[in-house]
Structures are given as structure tokens and as C-alpha cells.
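Have a look at the structure below before the remarks.
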Amino acid sequence: MSADALAPLAGPQPDSAGHFGRFGGRFVPEALVAALDELDGAWRTAMADESFRAEFGALLRDYAGTPSLLYEARRFSAKVGARVLLKREDLNHTGAHKVRNVLGQALLTKRMGKTRVIAETGAGQHGVATATAAALFDLECVVYMGQVDTERQALNVARMRMLGATVVPVINGSRTLKDAMNEAMRDWVANVDETHYLIGTAAGPHPFPAMVRDFVRGIGDEARQQCLDLTGVLPDAVTACVGGGSNALGIFHAFVGDEAVRLYGFEAGGDGVATGRHAASITGGSAGVLHGTRTYVLQDADGQTLESHSISAGLDYPGVGPEHAWLHDSGRATYLPVTDDEAMAAFELLCRTEGIIPAIESAHALAGTVALAPKLAAELGREPTIVVNLSGRGDKDVHTAGDYFGILDKER
Amino acid sequence: MSRIGVAFDKARADGRALLVGCMPAGFPTVEGSIAAMTAMVEAGVDVIEVEIPYSDPVMDGPVIQKASDIALAGGVRTADTMRVVEAVAATGAPVVVMTYWNPVERYGVDVFARDLASAGGAGLITPDLIPDEAAEWLAASDAHGLDRTFLVSPSSTDARLAMTVRHCRGFVYATAVMGVTGARTNTSDAAPALVSRVRAVADLPVGVGLGVSTGAQAGTVAGYADGVIVGSALVRCVLDAPSEAEGLAALRTLSAELAEGVRNPFR
Numbered sequence: 001m002s003a004d005a006l007a008p009l010a011g012p013q014p015d016s017a018g019h020f021g022r023f024g025g026r027f028v029p030e031a032l033v034a035a036l037d038e039l040d041g042a043w044r045t046a047m048a049d050e051s052f053r054a055e056f057g058a059l060l061r062d063y064a065g066t067p068s069l070l071y072e073a074r075r076f077s078a079k080v081g082a083r084v085l086l087k088r089e090d091l092n093h094t095g096a097h098k099v100r101n102v103l104g105q106a107l108l109t110k111r112m113g114k115t116r117v118i119a120e121t122g123a124g125q126h127g128v129a130t131a132t133a134a135a136l137f138d139l140e141c142v143v144y145m146g147q148v149d150t151e152r153q154a155l156n157v158a159r160m161r162m163l164g165a166t167v168v169p170v171i172n173g174s175r176t177l178k179d180a181m182n183e184a185m186r187d188w189v190a191n192v193d194e195t196h197y198l199i200g201t202a203a204g205p206h207p208f209p210a211m212v213r214d215f216v217r218g219i220g221d222e223a224r225q226q227c228l229d230l231t232g233v234l235p236d237a238v239t240a241c242v243g244g245g246s247n248a249l250g251i252f253h254a255f256v257g258d259e260a261v262r263l264y265g266f267e268a269g270g271d272g273v274a275t276g277r278h279a280a281s282i283t284g285g286s287a288g289v290l291h292g293t294r295t296y297v298l299q300d301a302d303g304q305t306l307e308s309h310s311i312s313a314g315l316d317y318p319g320v321g322p323e324h325a326w327l328h329d330s331g332r333a334t335y336l337p338v339t340d341d342e343a344m345a346a347f348e349l350l351c352r353t354e355g356i357i358p359a360i361e362s363a364h365a366l367a368g369t370v371a372l373a374p375k376l377a378a379e380l381g382r383e384p385t386i387v388v389n390l391s392g393r394g395d396k397d398v399h400t401a402g403d404y405f406g407i408l409d410k411e412r
Numbered sequence: 001m002s003r004i005g006v007a008f009d010k011a012r013a014d015g016r017a018l019l020v021g022c023m024p025a026g027f028p029t030v031e032g033s034i035a036a037m038t039a040m041v042e043a044g045v046d047v048i049e050v051e052i053p054y055s056d057p058v059m060d061g062p063v064i065q066k067a068s069d070i071a072l073a074g075g076v077r078t079a080d081t082m083r084v085v086e087a088v089a090a091t092g093a094p095v096v097v098m099t100y101w102n103p104v105e106r107y108g109v110d111v112f113a114r115d116l117a118s119a120g121g122a123g124l125i126t127p128d129l130i131p132d133e134a135a136e137w138l139a140a141s142d143a144h145g146l147d148r149t150f151l152v153s154p155s156s157t158d159a160r161l162a163m164t165v166r167h168c169r170g171f172v173y174a175t176a177v178m179g180v181t182g183a184r185t186n187t188s189d190a191a192p193a194l195v196s197r198v199r200a201v202a203d204l205p206v207g208v209g210l211g212v213s214t215g216a217q218a219g220t221v222a223g224y225a226d227g228v229i230v231g232s233a234l235v236r237c238v239l240d241a242p243s244e245a246e247g248l249a250a251l252r253t254l255s256a257e258l259a260e261g262v263r264n265p266f267r
């Protein structure tokens, strides 16, 4: 199925200007509009071009290692009280769903005749994925990363450099992901002729939210068919973690038209939404404009962006993709917060029951699933089947998790 | 005609360009920013552009970012900007506000327009709001008689440039170089061409921004544009000064040099 991962699909789409209901659109300097129009055109042309789709499909299969497995996690299921099917995006090359997006955008970069890609990264996963694609496609690559993150994710900085990328520590503002994104935008405005800004999630100005969603929607297309093959029916629920939200949209999209399938997005609740120390933009934020799009944002009474907090660097972002804001408003998907502690409990449970170390991001989806299972079972009067997007592997989180569980030997 | 329009007409009649000086509200303090802007007016800046400090200023370079951070760390609120506008407008100089869009949306677009108008503000420059997304602002600015300045860029297509200029009132802001704000040793070659493209579609004054830091550069830009917009170089006077008094002195010196420059257009 990945051979035609971009085949036209009758799922929900934004209007021609990228509006998902009252969300989305373009809130950008005029200097970027020409580049966004060029990208929009290149993307639409590519989508209609069978040779592009074949090339993308071949890369996904031969290089990224998709379709990823849908694995029935029996021991985890027994603990949870639901039949849990894990979509193993953690097994993809570079260890997460993000490789799908960067391969798609890198191919587009080539088609547009551009020679340089830039990216923002928080934990470093999108930076590593971008550096990987840049190496494969022989593109110059510059990754912006907040200085706080370059220090706490030193290994990923080294990985990017090994792959030939230049990593620029960002020393502005809170020195984290949102500031890295600001700096990447500034670079793009100044170098837009030869540069593509390879945004790492389904956020930012149109066409990024819809385009990124389309590059990763193979996750859901595959999972839907795999679930039918395995169980004979569609799942009762599909769950995913939501930071910017690309992995969630990737798995949701194929199921949006299946009304009986419940969609759950689990946001990073940090210390708890009530404490103010969280990254739950939908459940704890309000509508606003950030990084080129209208969506739910963590902001103060004057519209200044608030700092987000999460144990998961990949979810530690004060906004969310506009399509999620829309799915929330329409009620088609349900968004709930998961605290750091809940996520880490589920992290440990998956390690111990299945021998799989998940990314802490994905552990939020697991934790939400643990809480959801008994409610869904009560509602349905039977054991529910839940497809969980295991969006990434936890190698990068070993230090954080080791600290959290207090299992690191003290330095001599 | 708007107050900005009158000021541009008068400058045009005098054979010179208008000097627009930018400073963030609340930098280094609310009172300090009023003192700085007042000093700029006294030293010859014609129009004051008050920037609302914002947490994520993607169009601004390091100097204005730093000044904005200082203002925000000092606790400046959007309501303080209105107070700054009122105080500076009392000097008689036209005042425009430059702001990223989210603070306006959060304040309430119509309420913001009403309060800005009643504070004596002439209009708004919106660096990350394009006319395509501006329906609410178009209505509010009409209702409260405010000017609208959208940006045009060297990369704007002819169709977009015409559309953008059609939605402007007061003056058009031409971003002369592709990039963020900040002083540059050479201003852009693309600027005169961009100004000509705007003139070909409308009879609105054109201000050129991004990069000017000396009287000579101001004179060069004044040779082809109606307004010379200076931000980072002025902000730096305050940022780099060891004391507030020395900052105001440096600000007066640079303002006077720039005012001299726009009076000697290099054609």
C-alpha cells in the first residue's frame, strides 16, 4: 500500500487557503507568501504525479522500512483490559514516524530545485530525520535547536553533525523549540530562494498542515487495513499523542470517515493542567495565532506565548496543528491531558510487559489508552479493540527515563 | 485624509522624505520608552512607530528581539502601549503602532481599534497579517478611522502587490531586503524597483524599511521613497548606552543625523 501513499483520498480537507474551519490559514510576512504558494503548487502537482507517488512509495518501503507492523501486544492488553494493537512506527528508520514527512518534503525540495533545507527541532528527532534525508538527497542542512535542548540532547546534536548537518544553538527567548522555530522562520525569510523550510509537524502556515498530514497519513491507511486483516473489523478506538500532532493526524486521517471509530488525542499534561505547567494546548489553551497559523495556543491575557512544560521534549510545544483544533471543535476527535507521571507509568508498563521501550511522547498515548480502556469496555459491554500509534522508540529517552526512575548509577 | 497622509503630503511638498522612527513600547520601561520617543520627535523624527513587544517576533532581528524581551520581562502590557501612544501623540507627531497579530486578536480586534483611535493613534502596521486573513481588521479599521499598512516584498507577485496595496490606507511599507529587521552596511538594490512597482499601481506614499542606520543611507533611500523607516539603529542607541541619559543623548544625535539625511535626498 505504501507504493501509492499519496493517492487522492476522500478525507476531510481544508479550503484552498488552508482553513480548517476557523483555524489554519497563513499569518506570515508577505515575504514568505511567494514561497508558500510555490510549495503549495509543487505539492499539488506532485500529488497528481504518478512518478512522484511511486518514488515516495519506494523510499518509504526500501529506505524507511514501511509499512510498519501492527503488533498485538497481548501481555500489555491483559494488564489494560483491552485488545491493544500497536502501530510500530518506532521500527521505522530513524526511529519514528517523522521519517515519512522528511522524505516527502525532501523529494519536494528537489523538485523545486532548491539546494538547502532548514529545520527546527526540540528533542532532536526531527533534526536527525531532516539531516538523514538531507544526506540521502545531497542537500545542505541547517538545524535550529534551542540552547537548552542542545545541552540536554547532546547525543542527537552529535548524530546530526555526523550526518553532515550544521546545528545552530538558539539563544533567544526561552531557548527551546518555539524559539528554534522563530529562528528558522527568520532564516527562511532571508534565504527563501534556495531554501526549503522543512517543518517537522502538521502546523505552521498553509500548506504545511495539510501537506505534512498527507505525507504521514500512510500510518493510518496501513493501520486500518492491517486491523481489518487481523481482526476482521475496524477498531473501537484509535489513540495517539499530540504535540504539534503529525503522528496523530497521520493515524487519524484514514479513520475520520469511520464514524464508529473513536479518535483520541492525548496531550502532554506535564505536572497537571491545573498547575499551569503543561503543554496541553487544546485542553489548557485558547484560540490564537502562533507560527503562521490560527490554532489553540498557550498564551497569557495579552496574547504572549507561554512556556510549555513536559517531560517529553517532542510534546513540549505551546501550540498544536490547526486540523486538531478543528477536529476538537467539531467533536470528531477527543483530546485529553496525560501527566508526566501517568506517561512514565505506561512507559514502564510497556517495557516490562512487551520488551518495547517507547518514546516518552508515545508513552502519553499508551497512558491515555490505559485510562480509556475500562471506560470504553463499560460503554460497549465487551473488551474494546484499540489501535495505538507507537510513534517512536525510546532510545533517545533513556537518560531522561533513567533519571525519572532513579536507576542510573551515580557518577564516580 | 489621514494624519499620516497629510504628513507625507507636506514632506513631499518640501521636497524631502518623511522620517519614521520605531521603538518598542515599554523599553526599557514604559516611562523610559515615552521619554525615548519624545526625544526622537524633538530631534526631528516625523512619525513614531510604536512596536508592541511580542514573545515570538519572527520578522525582527536580534536588536529589536532583545529590546522586546527587556520590555516583556519588565511586565509591559498591551494597555501600556495605548498609554505610550497617547503620550507620544500629545507631542503632535503622528503615531502608528506596529504589532504582530496575536496580541491584537487577544485584545479583541474591534476593541483594539477603538482604544488605539481614542489614544490618538493613526494606524497599524501588521507584519504577519496579510490582507487575505484581515477581514476583521479591515472592518475595525474602517469603523474607527484608522490607517492600515500592510507589507510588500520584493518577492510579491504583481497580482499580490496590487491586491496588498489596494487594502492599504495611509502608506505602504516596502520591506527593502529579504530578511529580518536590523542595521545593514548596504541597503538593498531591490528597494527602488519595489517602490516603482508600488507607484505603478497606486498613488499612496511608500515607506522603505529594514537596514537604514546612517544619515547617508537615509538620504539614499529618501532619493526614491516617500518615507524612511528606521528601527534597530535607534533601538541600539538605548540598548548599548551605559545609562538612560546617555541613551537619550545618543538617540537625539542619531535622530538628528537621520532627519538631516531625509532632507537631503540623494537622487
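Chains D and R supply the protein sequences, listed in that same order.
Mapping to the UniProt record's numbering: the first sequence position 407 is 407, numbers consecutive.
Mapping to the UniProt record's numbering: the second sequence position 35 is 35, numbers consecutive.
The beta-carbon is built from N, C-alpha and C at its ideal position, and this holds for glycine as well.
In the DSSP assignment, D:T295 falls within the unbroken beta strand (DSSP E) covering T293 to V297. Sequence-ordered contacts of the stretch 128-139 of chain R with chain D read D128, L129, I130, D132 and E133 [C-beta pairs closer than 8 Å].
With respect to chain D, the C-beta atom of R:S55 has a partner C-beta closer than 8 Å. Using a CB distance cut-off of 8 Å, D:K114 does not count as an interface residue toward chain R. Among the bridge pairs identified by DSSP, D:L336 is matched with D:F266. Around the beta carbon of D:P207, a 10 Å sphere encloses 16 or more other beta carbons of the protein chains shown; the residue is thus reported as buried. The same chain holds no residue with a CB closer than 6 Å to that of R:K66 once the five nearest residues on each side in sequence are set aside. Per DSSP, the beta-bridge partners of D:N389 are D:K87. For R:R169, no Cβ of chain D is located within less than 8 Å of the residue's own Cβ.
Secondary structure of D:F52 (DSSP, three-state): helix. Burial check for D:F255: the Cβ neighbour count within 10 Å reaches 16 or more, so the residue is buried. Rounded to the nearest whole angstrom, the CA to CA distance from R:G121 to D:I386 is 57 Å.
Neighbours of R:F150 in chain D, taken as residues whose beta carbon is under 8 Å from its own, are E30 in chain order. Collapsing the DSSP output to three states places R:L124 in a strand. Classified as buried, D:T130 has 16 or more neighbouring CB atoms from the shown chains inside 10 Å of its CB.
About 28 Å separates the beta carbons of D:A268 and D:A260, which is beyond the 8 Å limit, so they are not a contact pair.
For D:R111 and D:M211, the gap between their C-alpha atoms comes out near 15 Å.
Contact between R:M163 and R:P192 does not hold, since the beta-carbon distance rounds to 22 Å and is not under 8 Å. Counting other Cβ atoms within 10 Å of its Cβ, D:D409 stays below 16 and is therefore classed as exposed. Within the same chain, and ignoring the five residues on either side of R:M98 in sequence, the residues whose Cβ sits closer than 6 Å to its Cβ are E49, E51 and I125. D:T176 sits in coil when the DSSP states are folded into three classes, being neither helix nor strand.
Within the stretch 210-225 of chain R, contact with chain D at the beta-carbon level (separation under 8 Å) is assigned to no residue. Closest in alpha carbon position to D:D302, among R:V84, R:E105 and R:G74, is R:E105.
R:L204 is not a Cβ neighbour of D:P29, given a cutoff of 8 Å. Using a Cβ distance threshold of 8 Å, D:D179 and D:G146 count as a contacting pair. Taking a contact to require three or more Cβ pairs closer than 8 Å, the stretch 230-243 of chain R and the stretch 54-71 of chain R qualify as touching. The beta carbon of D:I171 sits closer than 6 Å to those of Q147, all from its chain and outside the five residues before and after it, given in chain order.
For D:Y404, the secondary structure class from DSSP, reduced to helix, strand or coil, is helix. One finds A287, G288, V289, R294 and G303 in chain D with Cβ atoms closer than 9 Å to the Cβ of R:E105, taken in chain order. Beta-bridge annotation (DSSP): D:A237 is paired with D:R262 and D:I386.
The criterion of a C-beta distance shorter than 8 Å is satisfied by D:V289 and R:W101. D:P322 sits close to D:T293, with the two beta carbons spaced by under 8 Å. Not flagged as an interface residue toward chain R: D:G200, since no C-beta distance is shorter than 8 Å. Look at the stretch 105-162 of chain D and you find these whole runs of beta strand (DSSP E), each 3 residues long or longer: 116-121 and 140-146.
In this structure, DSSP gives D:H97 a state outside helix and strand, which the three-state scheme calls coil. In chain order, N172 and G173 make up the part of chain D whose C-beta sits under 9 Å from the C-beta of R:D69.
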